[in-house]
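Q: Okay, here's the structure, questions in a sec.
Number of protein chains: 2
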Amino acid sequence: MKIEILNTGTELLLGNTLNTHGGWFGRQLFAMGLRVARQATVPDGEAIHEAFGEMVDRADVLLITGGLGPTSDDLTREIVAETLGIELHQDEQALRNLESFFALRDKPMAPANLRQAMVPIGADVLPNPNGTAPGLYLPPRINGRSNCAVFLLPGPPRELYPMFHSEVAPRLRALAGVSDVAEAAELKFTGIGESDFHHGIDAQLADIPGLEYGYCARIGEVDLRLIGSPEAIAAGRDLALNSFGGHLISDDGSSLEATVVRLLREKAAKLATAESCTGGLIANRVTNVPGASEVFTHGWVTYANEAKASQLGVPMEILESHGAVSEEVARTMAEGSLRESGADYAIAVTGIAGPTGGTEEKPVGTAWLGLAEKGGGTLAVKVFHPRARKDFKQAVSQSALELLRRRLVGMG
Amino acid sequence: MKIEILNTGTELLLGNTLNTHGGWFGRQLFAMGLRVARQATVPDGEAIHEAFGEMVDRADVLLITGGLGPTSDDLTREIVAETLGIELHQDEQALRNLESFFALRDKPMAPANLRQAMVPIGADVLPNPNGTAPGLYLPPRINGRSNCAVFLLPGPPRELYPMFHSEVAPRLRALAGVSDVAEAAELKFTGIGESDFHHGIDAQLADIPGLEYGYCARIGEVDLRLIGSPEAIAAGRDLALNSFGGHLISDDGSSLEATVVRLLREKAAKLATAESCTGGLIANRVTNVPGASEVFTHGWVTYANEAKASQLGVPMEILESHGAVSEEVARTMAEGSLRESGADYAIAVTGIAGPTGGTEEKPVGTAWLGLAEKGGGTLAVKVFHPRARKDFKQAVSQSALELLRRRLVGMG
Chain A
1220 MKIEILNTGT ELLLGNTLNT HGGWFGRQLF AMGLRVARQA TVPDGEAIHE
1270 AFGEMVDRAD VLLITGGLGP TSDDLTREIV AETLGIELHQ DEQALRNLES
1320 FFALRDKPMA PANLRQAMVP IGADVLPNPN GTAPGLYLPP RINGRSNCAV
1370 FLLPGPPREL YPMFHSEVAP RLRALAGVSD VAEAAELKFT GIGESDFHHG
1420 IDAQLADIPG LEYGYCARIG EVDLRLIGSP EAIAAGRDLA LNSFGGHLIS
1470 DDGSSLEATV VRLLREKAAK LATAESCTGG LIANRVTNVP GASEVFTHGW
1520 VTYANEAKAS QLGVPMEILE SHGAVSEEVA RTMAEGSLRE SGADYAIAVT
1570 GIAGPTGGTE EKPVGTAWLG LAEKGGGTLA VKVFHPRARK DFKQAVSQSA
1620 LELLRRRLVG MG
Chain B
1220 MKIEILNTGT ELLLGNTLNT HGGWFGRQLF AMGLRVARQA TVPDGEAIHE
1270 AFGEMVDRAD VLLITGGLGP TSDDLTREIV AETLGIELHQ DEQALRNLES
1320 FFALRDKPMA PANLRQAMVP IGADVLPNPN GTAPGLYLPP RINGRSNCAV
1370 FLLPGPPREL YPMFHSEVAP RLRALAGVSD VAEAAELKFT GIGESDFHHG
1420 IDAQLADIPG LEYGYCARIG EVDLRLIGSP EAIAAGRDLA LNSFGGHLIS
1470 DDGSSLEATV VRLLREKAAK LATAESCTGG LIANRVTNVP GASEVFTHGW
1520 VTYANEAKAS QLGVPMEILE SHGAVSEEVA RTMAEGSLRE SGADYAIAVT
1570 GIAGPTGGTE EKPVGTAWLG LAEKGGGTLA VKVFHPRARK DFKQAVSQSA
1620 LELLRRRLVG MG
């Protein structure tokens, strides 16, 4: 089954918005045992015409994103209908969904939104609970011309992702037939790199009959995906855990922060954070997890030295003699936030994000992490992540959460 | 000048590696006044054949990434030469570059690397100081077949980016000539939606001769892109600012947080944040801006009521009688963080992120924002963003930063 993806949107080609759809679709389809044969991006408007015409003649399934909004450059619906020679009509269900979307938000519906209730005759309307643009599904042979199944989907991820899972995936499974669908597992690791897998177990993974596998390296994280029969997946998982089990974050796709929240919850323990260079990112990641309020109570972003001293009781002498980026400051930040919050665990970070502020002794990318535990000692660790500012923050937050995770599972 | 991009690599379509090339090329070309007409991604191997054949017949310039390495699935060089009917020969300069790359690193050169010194006759070798794969440039009319200028470039960003700037950009400028270069502007707005533009000024923008424009809606933000002659862009900008100038974040593509940091810097003013439901996201966004330490000193993530009371002095009676999500708590959080930090401005947020915790009176999505100013009054505003947890946090952080921005420019 040849699947192609057409992403529409001038902003994707101008580089204003990173096109994450291609990779996202790839991962979802891979987990279903399907592959993307080709992906293309075109600007809004008439360029869609040409690309759509080529792709619909070549592919078995075409997933199109974007251009379903109410404004004049949102033309996907019309271009697809015109190319396939199908009339649009106003769909009553789509209209009612639109009206209830606006009613729920107590906003008037603009006349332009009425275009979003126009549907090619014979198409399924795919409800969009998170936005105004319904998706559309045009089955194969909807008209004389095309054997291709065409999905028109909204561009914004918060609308696209739920719609894919509830509306697109079941139809793809039906189109593909059961035989195309494989089992899949995703194991997340941290503290090791993709090359550790290459050198360590890649050749052995390749020898497992019927197993397909792939790596995805992120900042401070490597994901291993396994696809195949239940036996093949179990063999791959055993191999990976025997070699790298101590670095496993989760075997169900859970993020590091979700894993930390779960572990804290299991211990009925509370966490506090004290951040300098990560600027609130650790607290932000923890509070992205639903239910975080059960385990996370206090966070400090002590960006200035004065804040470290007044809020966390870091002695000014230490700040002056050792500098803000030092083992002593990481320790006293962690201990101060543990004391002030009454939490069971506290993690602290202080480092040099750059682009300026580095020295020969403490170059940009240096950070000290502190971990304090109620009734326990305080651990301090130095890390070095010489990366661009936002990537540095992500890498340091990952190191700090991993330090806590290892403590929570009795490894550090 | 029609520019297309072909990214090759199975890992891009499996989603293992995020394809950032499309957006990156877009930004580089946009800055040169050029645009990408179409981008495509295909797996390694034979799929390149079909896509290359189509694109080289259609485009004036084709930029290809990937598949120049030494392994068996790196076939771009051979497929391009074969399709265009050009012989490959061993290039002496390319060979010497390869040899010196390995000599510099004190490593032996593998026989497989010799393939990387094979060059289509008539092509320019583009030196790659950061890797083994030299780039290649095939000028238009290199053979009878194609009027398209073809660049073969390495996939890894650390090899691609320097090569683009030193070797590709100058050739593109020469190919484009001055006449192709258009001006462009990006205006960011907040507090209004894409549909406000549609009803307000879309028809008038369409009437400006020689102006191309487009919108990009994000959470709590709409970007307006203008492309055309300087006169057309000025007319579009005037129109947008006359209607929505009060909602303008920036006219140079700067983010809301970067704008707030700049405005604070211009006033030599300090900011503190006190966050409950956003969980550190506001501080995280502010500290993503280089130089944030000049204006941002203290942040609190007072997730538990007890933290709001002990750290920011919010009276427990208020928390109990009004609830944590209330005007009074937003006010006292803002005032407490202003007092504790000694900053000039403090923003506070408290709300219900969900998925649980909502009531009929205060449903999930409700948040109160507080803004305190040294020597000024305290403002409190209620917002309602009924969205999934992370989107809610983003929307509330946007509302809070916008409240501060308006105060800093004297509008609120």
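Chains A and B, in that order, are what the protein sequence lines are.
Residue 1220 is where the first sequence starts when you use my numbering, and the numbers rise one by one after that.
Residue 1220 is where the second sequence starts when you use my numbering, and the numbers rise one by one after that.
No residue lacks a Cβ here, since even glycine has one placed at the ideal position from N, Cα and C.
Computed from a prediction, not measured in an experiment: that's the story for all the values here.
SER1515 of chain B versus chain A: which residues are under 9 Å apart at the beta carbon?
A: Looking at the sequence provided, one finds Phe at residue 1515 of chain B rather than Ser. Those are GLY1498, VAL1520, TYR1522 and ALA1523, listed as they occur along chain A.
Q: Tell me, which residues are paired with LYS1601 of chain B by DSSP?
A: Beta-bridge pairing links LYS1601 of chain B to B:TRP1587.
Q: Counting pairs of beta carbons, one from the stretch 1331-1351 of chain B and one from the stretch 1300-1313 of chain B, are three or more of them closer than 8 Å?
A: yes
Q: Quick one: what's GLY1455 of chain A bridged to in DSSP?
A: Looking at the DSSP assignment, GLY1455 of chain A forms no beta bridge with any residue, so it has no partner.
Q: Classify ASN1226 of chain A as helix, strand or coil using the three-state DSSP reduction.
A: DSSP places ASN1226 of chain A in strand when its eight states are reduced to three.
Q: Helix, strand or coil, according to DSSP, for GLY1285 of chain A in the structure here?
A: coil
Q: What residue range does the beta strand (DSSP E) around PRO1376 of chain B cover?
A: Unbroken run through PRO1376 of chain B is the alpha helix (DSSP H), 1376-1382; no beta strand (DSSP E).
Q: Show which residues of chain B have a CB atom less than 8 Å away from the CB atom of LYS1407 of chain A.
A: Result: empty, since nearest Cβ-Cβ is about 14 Å, beyond 8 Å.
Q: If I'm right that ALA1599 of chain B touches TRP1587 of chain B with Cβ under 8 Å, what's the distance once you round it to whole angstroms?
A: Yes, they are in contact, since the Cβ atoms of ALA1599 of chain B and TRP1587 of chain B sit about 6 Å apart, within 8 Å.
Q: Could you tell me if the beta carbon of PRO1375 of chain B falls within a distance shorter than 7 Å of some heavy atom in the ligand SAM?
A: For the structure depicted, the ligand SAM is absent and the ligand set is empty, with no information on it obtainable.
Q: For HIS1541 of chain B, which residues in chain A fall below 7 Å Cβ to Cβ?
A: Those do not exist, as HIS1541 of chain B stays about 18 Å from chain A at its closest Cβ, beyond 7 Å.
Q: To the nearest angstrom, report how far apart SER1317 of chain A and LYS1326 of chain A are at their CA atoms.
A: Correcting the residue identity first, residue 1317 of chain A is Leu in this sequence and not Ser. Straight-line Cα distance between these residues: approximately 11 Å.
Q: Name the chain A residues that come within less than 8 Å of ALA1270 of chain B, Cβ to Cβ?
A: ARG1257
Q: Hey, quick one: how far does the beta strand (DSSP E) through ARG1315 of chain B stretch, first residue to last?
A: Where ARG1315 of chain B is concerned, there is no enclosing beta strand (DSSP E), although the alpha helix (DSSP H) it sits in stretches over 1311-1323.
Q: Excluding the 5 residues preceding and the 5 following ILE1214 of chain B in the sequence, name in chain order all residues of the same chain whose CB lies nearer than 8 Å to its CB.
A: Nothing about residue 1214 of chain B can be read from this structure; chain B reaches only from 1220 to 1631.
Q: For GLY1354 of chain A versus MET1328 of chain A, is the C-beta distance shorter than 8 Å?
A: no
Q: Using a cut-off of 7 Å between C-beta atoms, extract the partners of ALA1493 of chain B located in chain A.
A: When 7 Å is used as the limit between beta carbons, ALA1493 of chain B is near no residue of chain A, the shortest such separation being about 10 Å.
Q: Between CYS1435 of chain B and chain A, is there a C-beta pair that is closer than 8 Å?
A: yes
Q: Cβ closer than 7 Å: which chain A residues qualify as neighbours of ALA1549 of chain B?
A: Per Cβ cutoff of 7 Å: no residues; ALA1549 of chain B is ~18 Å from chain A at best.
Q: Classify GLY1596 of chain A: buried if its beta carbon has 16 or more other beta carbons within 10 angstroms, exposed otherwise.
A: Exposed is the call here.
Q: Strictly under 8 Å for the Cβ-Cβ distance: is GLU1230 of chain A near chain B by that measure?
A: yes
Q: Are the stretch 1510-1518 of chain B and the stretch 1606-1625 of chain B touching by the rule of at least three beta carbon pairs closer than 8 Å?
A: no
Q: In three-state DSSP terms, what is THR1279 of chain A?
A: The sequence given here places Asp at residue 1279 of chain A; Thr does not occur at that position. ASP1279 of chain A falls in the coil class under three-state DSSP.
Q: Using only the alpha-carbon positions, how far apart do SER1495 of chain A and THR1569 of chain A sit?
A: 5 Å
Q: Return the residue from the list B:ALA1404, B:TYR1356, B:LEU1500 and B:THR1497 that minimises the CA-CA distance to GLY1455 of chain B.
A: B:ALA1404
Q: Rounding to the nearest angstrom, what Cα-Cα distance links GLU1513 of chain A and GLY1576 of chain B in this structure?
A: Cα to Cα, GLU1513 of chain A sits roughly 12 Å from GLY1576 of chain B.
Q: Quick one: list the residues of chain A neighbouring GLU1413 of chain B, beta-carbon separation under 9 Å, in chain order.
A: GLY1288, PRO1289 and THR1290
Q: Residues of chain B with a CB under 8 Å from the CB of LYS1486 of chain A: which are they?
A: Neighbours of LYS1486 of chain A on chain B: none; closest Cβ ~17 Å, over 8 Å.
Q: With respect to the alpha helix (DSSP H) encompassing ILE1340 of chain B, which residues constitute its N-terminal and C-terminal limits?
A: Element bounds for ILE1340 of chain B: n/a, residue is neither H nor E.
Q: Taking the alpha-carbon of LEU1225 of chain A as reference, which of A:ILE1267, A:PHE1416 and A:ALA1591 has the nearest alpha-carbon?
A: Checking every option, the nearest Cα to that of LEU1225 of chain A belongs to A:ILE1267.
Q: Is ASP1399 of chain A close to chain B? Criterion is C-beta to C-beta, closer than 8 Å.
A: With a pLDDT of 49 at ASP1399 of chain A, under the threshold of 50, the predicted position of this residue should be treated as unreliable, though the coordinate-derived value follows. No, no contact with chain B.
Q: Spatial neighbours of LYS1593 of chain A within its chain, please: CB distance less than 8 Å, with the 5 preceding and 5 following residues excluded, ordered by chain position.
A: LEU1557, ALA1562, ASP1563 and TYR1564
Q: Using a beta-carbon distance cut-off of less than 9 Å, what residues from the stretch 1555-1567 of chain B approach chain A?
A: GLU1559, SER1560 and GLY1561
Q: Taking GLU1485 of chain A as the reference, which of A:PRO1376, A:ALA1259 and A:LEU1627 has the closest Cα?
A: A:LEU1627
Q: Just mark GLY1555 of chain A as buried or exposed, buried being the case when its beta carbon has 16 or more other beta carbons within 10 Å.
A: buried
Q: Do GLU1223 of chain A and MET1274 of chain A have their C-beta atoms closer together than 8 Å?
A: Against a cut-off of 8 Å, the Cβ pair of MET1274 of chain A and GLU1223 of chain A comes out as a contact.
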